[in-house]
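K.L.:
Pasting a structure below so you can have a look.
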Amino acid sequence: MASEPKGSLTPEGVAQLAQWAGLRLDLDRAAELIPLLEPLLEGDARIARLELGLTPILGPTWAGAEEG
147 MASEPKGSLT
157 PEGVAQLAQW
167 AGLRLDLDRA
177 AELIPLLEPL
187 LEGDARIARL
197 ELGLTPILGP
207 TWAGAEEG
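Heads up, the sequence shown is in the working numbering, so the first residue is 147 and it goes up one at a time.
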């Protein structure tokens with residue numbers, strides 16, 4: 147869903163996301179949540195598009211970190 151254009155989030159889609167999280171959400175409440183969820187999903191999509199390359203399992207190596 148994060149790759150869909152803005153405004154494409156539907157109450158059915160929100161209810162499905164809730165179900166995947168183990169929650170039951172009626173369509174009226176799901177529709178109320180759309181304005182709150184759209185910015186979060188848009189931000190998530192922007193982060194997913196970042197080209198970060200590979201990161202070591204212990205985290206990034208910072209320049210000068212070995213100097214202590």
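Where a beta carbon is used, it is the ideal one built from N, C-alpha and C, also for glycine.
1. Beta-carbon separation of Val-160 and Leu-183 under 8 Å?
2. Under DSSP, the alpha helix (DSSP H) around Glu-188 begins and ends at which residues?
3. So which of Pro-157, Gln-165, Ala-194, Ile-193 has the shortest CA-CA distance to Leu-173?
4. Let's see if you can read the secondary structure: which residues bound the alpha helix (DSSP H) around Leu-163?
5. Could you check the C-alpha separation between Gln-165 and Ile-180 for me, to the nearest Å?
P.N.:
Concretely, from the data shown:
1. For the purposes of this step, residue 160 is taken as the residue at position 14 of the sequence shown. For the purposes of this step, residue 183 is taken as the residue at position 37 of the sequence shown. Yes, the pair counts as a contact, with Cβ atoms nearer than the cut-off.
2. As a first step, residue 188 is located in the sequence shown; it is residue number 42 there, counting from the start. Note, Glu-188: alpha helix (DSSP H), 173-195.
3. Within the sequence shown, numbered from 1, the residue matching residue 173 stands at position 27. Comparing Cα-Cα distances from Leu-173 to each of Pro-157, Gln-165, Ala-194, Ile-193, the minimum goes to Pro-157.
4. Counting from 1 along the sequence shown, the entry for residue 163 is found at position 17. Where Leu-163 is concerned, the enclosing alpha helix (DSSP H) stretches over 157-166.
5. If you number the sequence shown from 1, residue 165 lands on position 19. If you number the sequence shown from 1, residue 180 lands on position 34. Going from the Cα of Gln-165 to the Cα of Ile-180 covers about 15 Å.
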